[in-house]
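What follows is a set of notes on a single structure, which appears directly below.
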């Protein structure tokens with residue numbers, strides 16, 4: 056179970072790193088748009104899919120009550136997803 060969670064969380068860290076690197080490139084005047092789009096689109100698309108698959112797997116196990124590690128996982132993923140959506144919508148207004 057820990058390995059599966061690690062496999063699900065690591066891509067979100069990679070996409071966050073790509074997003075932060077694109078902001079660094081923007082600050083120094085480099086070509087940042089493509090990396091920005093990859094980071095935001097990746098976070099906006101990957102996280103709901105990962106949460107859906109994890110929720111389906113947990114529903115088949117029928118674990119009650121929901122463990123704290125599951126709550127932390129869902130909380131982390133949903134918070135990152137909401138932040139990515141807010142940044143994406145906010146950046147549309149800046150263009």
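In the numbering used here, the protein residues as written are 56 to 150.
Glycine included, every Cβ here is placed at the ideal spot set by N, Cα and C.
Non-local beta-carbon contacts of residue 130 in its own chain, meaning distances under 6 Å to residues more than five positions away in sequence, are absent.
Judged by DSSP secondary structure, residue 83 falls within the alpha helix (DSSP H) whose first and last residues are 57-83.
Of the other Cβ atoms in all chains shown, fewer than 16 fall within 10 Å of the Cβ of residue 68; this residue is therefore exposed. The Cβ atoms of residue 63 and residue 105 sit closer than 7 Å to each other. Here the alpha carbon of residue 70 sits roughly 31 Å from the alpha carbon of residue 120. Distance from the CA of residue 92 to the CA of residue 57, rounded to the nearest whole angstrom, comes to 30 Å. With contacts defined as CB atoms closer than 7 Å, residue 99 and residue 143 qualify as a contacting pair.
The shortest C-alpha to C-alpha distance from residue 94 to any of 60, 125, 79 is the one to 79.
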